[in-house]
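Read through the structure below, which is laid out as structure tokens, and then see the notes.
4 protein chains.
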Amino acid sequence: MIDPLVMNRNLKYYPVGDIKECRIHGRNKIINGELPLFFSHSGVELASSGTELWVEIEADFSLFEPWVAFELNGSLIMRQMVLTGKYAICLYRGMTYGDEKRGFIYRELQAMSDDENCHIMIKGFYSDGDFKSLPKRSLKLEFVGDSITSGEGTYGAIYDMDWLPAYMSYSRTYAGIIEKKLNAEVRMISQGGWGVYSGWDNDRTHNIPSIYTKVCGFAKGESDIKAGAQKEYIPDDWQPDAVIINLGTNDVSGFDQPPFFDPLSGKYNKLSRNPDGTLKKEDTDKIEAAVSDFIKQIRKLYPKAYILWIYGMIGYELAPFLSNAVYGYKEETLDNNVFYLTVPETLPGEFGSRQHPGYESHKKIAAILADHLGKVLK
Amino acid sequence: MIDPLVMNRNLKYYPVGDIKECRIHGRNKIINGELPLFFSHSGVELASSGTELWVEIEADFSLFEPWVAFELNGSLIMRQMVLTGKYAICLYRGMTYGDEKRGFIYRELQAMSDDENCHIMIKGFYSDGDFKSLPKRSLKLEFVGDSITSGEGTYGAIYDMDWLPAYMSYSRTYAGIIEKKLNAEVRMISQGGWGVYSGWDNDRTHNIPSIYTKVCGFAKGESDIKAGAQKEYIPDDWQPDAVIINLGTNDVSGFDQPPFFDPLSGKYNKLSRNPDGTLKKEDTDKIEAAVSDFIKQIRKLYPKAYILWIYGMIGYELAPFLSNAVYGYKEETLDNNVFYLTVPETLPGEFGSRQHPGYESHKKIAAILADHLGKVLK
Amino acid sequence: MIDPLVMNRNLKYYPVGDIKECRIHGRNKIINGELPLFFSHSGVELASSGTELWVEIEADFSLFEPWVAFELNGSLIMRQMVLTGKYAICLYRGMTYGDEKRGFIYRELQAMSDDENCHIMIKGFYSDGDFKSLPKRSLKLEFVGDSITSGEGTYGAIYDMDWLPAYMSYSRTYAGIIEKKLNAEVRMISQGGWGVYSGWDNDRTHNIPSIYTKVCGFAKGESDIKAGAQKEYIPDDWQPDAVIINLGTNDVSGFDQPPFFDPLSGKYNKLSRNPDGTLKKEDTDKIEAAVSDFIKQIRKLYPKAYILWIYGMIGYELAPFLSNAVYGYKEETLDNNVFYLTVPETLPGEFGSRQHPGYESHKKIAAILADHLGKVLK
Amino acid sequence: MIDPLVMNRNLKYYPVGDIKECRIHGRNKIINGELPLFFSHSGVELASSGTELWVEIEADFSLFEPWVAFELNGSLIMRQMVLTGKYAICLYRGMTYGDEKRGFIYRELQAMSDDENCHIMIKGFYSDGDFKSLPKRSLKLEFVGDSITSGEGTYGAIYDMDWLPAYMSYSRTYAGIIEKKLNAEVRMISQGGWGVYSGWDNDRTHNIPSIYTKVCGFAKGESDIKAGAQKEYIPDDWQPDAVIINLGTNDVSGFDQPPFFDPLSGKYNKLSRNPDGTLKKEDTDKIEAAVSDFIKQIRKLYPKAYILWIYGMIGYELAPFLSNAVYGYKEETLDNNVFYLTVPETLPGEFGSRQHPGYESHKKIAAILADHLGKVLK
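Structure follows, in structure tokens:
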């Protein structure tokens, strides 16, 4: 029995920082010679002439194990759990020497704010060929969202209700499908349970804007901090053509959840309904303000991006307030490069596990958004 | 050669007004013993035990001939042009005596405001059986719209651009598909080219609200007037569970069309864009006011209906203003039983003739709306 | 009220025999200046520059009324019952003068062997434009079959069991769909309830080969005989690229039906099963012989046609015997231009009325056959 | 960094042979306490109440690495390459204690006859719960085939032509889809490039019947032999309800390939065409004899199984000879429990990588076969 890394004598090791032809996806940067994969779809894409490709990673977790996926020439072939330790994963073997293969190894799991030890670092690659420059992608897109955007429910049996990393994905999300349709470079900032104003359980700290301007505010572990997760995010020249925000689904849940104690303020937070069942204006106003503020935050980072707020895959109740907020922002700032779109609810037959939109729902939404973005971004 | 009306000696003639078991669909009422079919889907539904059923109609037109469709037990079997004159059309023959058959003969064409002679009257039916009472439908729905709701493009070859009655339908519209899915009774008020504020060509008289409270304001011919088309519409006890308005697509077209001379005011009307291409606020304000006023008009007629404004099948540009208007109305009146929903644009492959949404697009929209209405109306 | 035939003063009448640019579909020929439409899809296709087109027909029936359908530029827009008498049907009106429109009026109903009076004659057309020559179609195909090929069940509600002309069609059959996919000229020879050896009820006279070499052997009425239905069919230069036979479904039914008294032989006919439920060899041998003989008959008419026998849409039981027979013929004659193909059974959800394959099933079969024919016929 | 196997102190190791509640899929048996996974879909299914499940395997290969897939409650969540060595793979973690989870780890890759070292052994499982008895599956099915049945092309980008283990699967084959639809227990005997008489390149040793009665005749490595691969296969009480054979696609390829030198006979083998392009009868006779003999072989093992021969996903040319052979066998033996079915060719848009049927094609075939098997097997 021979370690396959030893079998192929032509394999050479390349620290990830040395491969100038590769494309790093995500906000993460190489630090100390290694690349942290903070968000789902963070990863490395590279074209190679070799017969074989391995990635060397170092990973850890306490509660929730990370997952990775691998695409060969744009098609998913591998999806697996990542265990702790430093080791190499073979991505492909036995391909024709000289032909150019495009490989893309990425994190399939969202940043896990509930497990400070959960992390993956890419250290380098083993290859027996040359790296080639990658063709430019046609567009840059940033997706911001909650569990829907984190692909929760896109894997798993329909009645399964356990909350597992395995049931989240990038590979079956609308973001991933749009990426292929529009040949886009995609960055993801998403977290299950979080909202634009507060989380599903009225936890006010679980709002995406609070971490948005950090590299990866969800990642608070020691290793993450060393890797720069809590640093201010500076986009450099990565200016997206569009930012697509899919938030609101957790905020509206708070109206039906018990109050949440906020240790910082010492108060209980709760969004409330009027006696007739409608949402209290003082509370929807808070959400609207959060939406407007968040768009301003994004606009600062990305002066020219088309900002598209979408909502609706698990219920439409907040739609009026989100559109009010988006168009209130527009009126206030005279910034016309924003849009709000309610997207269709998940229909019976389109659900995945955990009562979340399944692959069929994501495909439908992707068709709608890819068409819209394709037109708007010419 | 024997006239089939003579062949079957058991056929008896029943004036439409004498068949108390039948269900009349549409705002039209029997006047002088005959039933005018003003709008698309206006018609008569009846259950019968006979082997055979004929409808006697009287019809006329100058420019645009009407069309009718016939459904047997809920399934379309006939779709034909209606010529001038008074004559009988056989709807079915040779069926098993005693079995109950549900027949529904309806106008397949919108009211034709461009042809004052275009009309169909139902005079009566020939049957050789008894009429039976019809099961109650689960819901009542009113659809208000333009050419999209009039099914323009749902028939005809994809590159055809002639404006033909044949290319409009009820049978392939989202309204017709929702009717079947929800077992609803449906009324239609729609007119190609018209808007909520002005028509596609900036003609301000082509706004639906101006005719909405008449029985059928589009129908201005002598025969129509006798048949009560221009009378005030009084819903009696026909209270819809929901009114679905699909307007805005023609209004937004005016921003790119030349001015239209209004003989009444002696002025030219035109909606205009700002130099940067955005819509002028003074003009979108006019549309928003028209939307708000229209909802108030509807609310007066139907105090308890869920009012759903949809838009988007041929472009999203007016969405911000329509949602502003709908939610502005809501805030002003505290009427919470209204909703605005942008529905997905027609994708490549879903188009019909005349660059309009085709059957595939209507099926997609129907799935989304039937799901939504089913949930909201419990 | 003006007869629209009078309204348009530019309309001129052209006897069908005078329009040399038109294409006659079907085995029928103009006799005494009129064109009988014997089989489903028999009809007239013509291109015209006029704004308007009418067809003048003469029709009759005693029991089963005929139906016609009209396609404008290849798209179905009209489907209606044909009553008795001589009269004109308007096919389109109000189109742009000068543009070429392709119209196709055809019989939507199979030949009705159970009603000797059932017939349609095309007398001529009214047009206000010129007739243009039609582009050549890419292929010629003849379809031979039973109720499946006659489109029984392709219209009508799913639980309807009445046997109505309305429930049969050409427009929703696999033949019609293949016609569009391959741009083929199609002829149909089909009859519900008939087989290759005997009918569904063991009636031996109901075998297609017995009438195949007549123009339309099913049509036995006085008018049909005058129109040449019982004459020997001479294909002239109409040599199909392929003949597709879909027979066997009724033959196999005989194994489970009571004996049928044959007045000619004075004997009872019945196909029988062995005690173990399998089909008796002496009876399948009869069917196999009939298949082989039928192919020989076809081969005589069409020396170069690809002969494709398909079967299976309502059950596979006869497949072994049909393939044996087809390949037995091949071995015996060394004629390699024949093929047998079992096509997929109708799945739940694909059924139409009368427990027959519905439109979804026909679409699936058409995709399979169009692909196969496209490859074989290059 | 803690090895997760150590993290969870409740994990206990169970040698596979000690878990009497598990279900072993495939012809393989536990030998010396470990379970070899010879064929694709060989694997272990078990229900457990624990929060976590690991499998311990030992694997090796020289050229072609094996792949495994894991289904949780019937839904695929993991698909990964297997490297050499003895190690544990975590299948799930962090699930609710007490709830019953059904896990199924299986080989995703066919037996690799081209790499004698390629093998996977299952040694045992780590669990922190109890194992539960599995519900009985409704049917037992054995699938016998070539690369189509080995799922070649069901993964990978559409233009990829490298021959990679990654591009084969069980998870996206018609067999796998039928398994879910019919709740069947499935065994696979398949090998890319092999035929019923000879391989794609006229290699006569590459015929499935020659290895069919061994446990896994493709597996000839030392480890395989120790694990019993070359032993006579004795079905014991595993009697399938149906055996589905999908062979012929490689045999027919030989007619267009150069001769192949057979070292055993010292002769060149080649199937040949006649000058007119048809297949030479002496050669199709050889294939027919091989088919007939193979069915007899299968019948000996499985006296009561329904034997269904299917063919056609990549071309129909051999269909006449296969059906002749199957029905010749039937006539000769009076064994009526056999059937031949040509299944639809892969249509444009349904292809996967390596010009093989893709997932869409497999789904279509699975719908057809599941319906047929469901009816035949009641």
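Chains as they are written, first to last, in my numbering: chain A, 1 to 378; chain B, 379 to 756; chain C, 757 to 1134; chain D, 1135 to 1512. C-beta atoms are modelled at their ideal positions from N, C-alpha and C, and glycine is treated no differently.
Beta carbon proximity, residue i to chain D, threshold 7 angstroms
i	result
proline 135/A	no
proline 1100/C	yes
isoleucine 1124/C	yes
CB-CB length for residue i against residue j, believed under 8 angstroms
i	j	result
glutamate 1168/D	lysine 1257/D	5 angstroms
isoleucine 904/C	proline 1113/C	6 angstroms
glycine 859/C	serine 818/C	Not a contact, Cβ separation roughly 30 angstroms.
serine 42/A	histidine 25/A	6 angstroms
Under 7 angstroms between C-beta atoms of residue i and residue j
i	j	result
proline 209/A	glutamine 297/A	yes
proline 1478/D	isoleucine 1124/C	yes
proline 1369/D	leucine 1435/D	yes
proline 1015/C	lysine 1026/C	yes
valine 1189/D	leucine 1145/D	no
leucine 1381/D	valine 1330/D	yes
valine 1349/D	leucine 1275/D	no
asparagine 1251/D	glutamate 1186/D	no
asparagine 28/A	proline 15/A	no
threonine 627/B	isoleucine 567/B	no
CB contact below 7 angstroms: residue i versus chain C
i	result
proline 414/B	no
proline 444/B	no
Proximity test, Cβ basis, 7 angstroms: residue i and chain A
i	result
tyrosine 705/B	yes
valine 1211/D	Per the sequence presented here, residue 1211/D reads as isoleucine, with valine not at that position. Isoleucine 1211/D counts as touching chain A.
glutamine 1214/D	yes
leucine 1217/D	yes
cysteine 1252/D	no
leucine 686/B	no
glycine 1290/D	yes
proline 1093/D	Outside the shown range of chain D (1135 to 1512) lies residue 1093/D, about which nothing can therefore be said.
Proximal residues of chain C, C-beta to C-beta of residue i below 8 angstroms
i	result
threonine 1185/D	What threonine 1185/D touches in chain C: nothing, since even the nearest Cβ is about 40 angstroms away.
proline 735/B	Result: empty, since nearest Cβ-Cβ is about 15 angstroms, beyond 8 angstroms.
Paired residues, beta bridge with residue i - DSSP
i	result
threonine 720/B	Tyr689/B
cysteine 1156/D	None; cysteine 1156/D has no bridge partner.
glycine 932/C	BP columns for glycine 932/C are empty, so no partner.
glutamate 1276/D	Arg1321/D, Val1377/D
proline 735/B	Phe729/B
tyrosine 963/C	According to the sequence provided, residue 963/C is asparagine. The question's tyrosine does not apply to it. In DSSP, asparagine 963/C forms a bridge with Gly951/C.
Listed by chain order, chain B residues near residue i by CB distance under 7 angstroms
i	result
threonine 278/A	Asn714
Proximal chain D residues relative to residue i, where beta-carbon distance stays under 7 angstroms
i	result
asparagine 1080/C	Tyr1461
Within chain B, the residues that residue i reaches when beta carbons sit closer than 8 angstroms
i	result
lysine 330/A	Pro698
Per-residue contacts from residue i into chain D (C-beta, under 8 angstroms)
i	result
leucine 1097/C	Tyr1450, Ala1453, Thr1476
Contacts of residue i in chain C (Cβ-Cβ under 9 angstroms)
i	result
histidine 1506/D	Tyr1072, Pro1100, Glu1101
Neighbour list for residue i in chain B, Cβ cutoff strictly below 9 angstroms
i	result
leucine 920/C	Leu450, Ile455, Tyr470, Arg471, Gly472, Met473
isoleucine 813/C	Result: empty, since nearest Cβ-Cβ is about 13 angstroms, beyond 9 angstroms.
Amino acids of chain A, ordered along the chain, whose beta-carbon sits closer than 8 angstroms to that of residue i
i	result
leucine 1197/D	Gly94
glycine 1358/D	Residue identity check: residue 1358/D is aspartate in the sequence provided, not glycine. Ordered by position in chain A, no residue passes the 8 angstroms Cβ test against aspartate 1358/D, which lies about 15 angstroms from the chain.
Chain B contact for residue i (CB, 7 angstroms cutoff)
i	result
aspartate 916/C	yes
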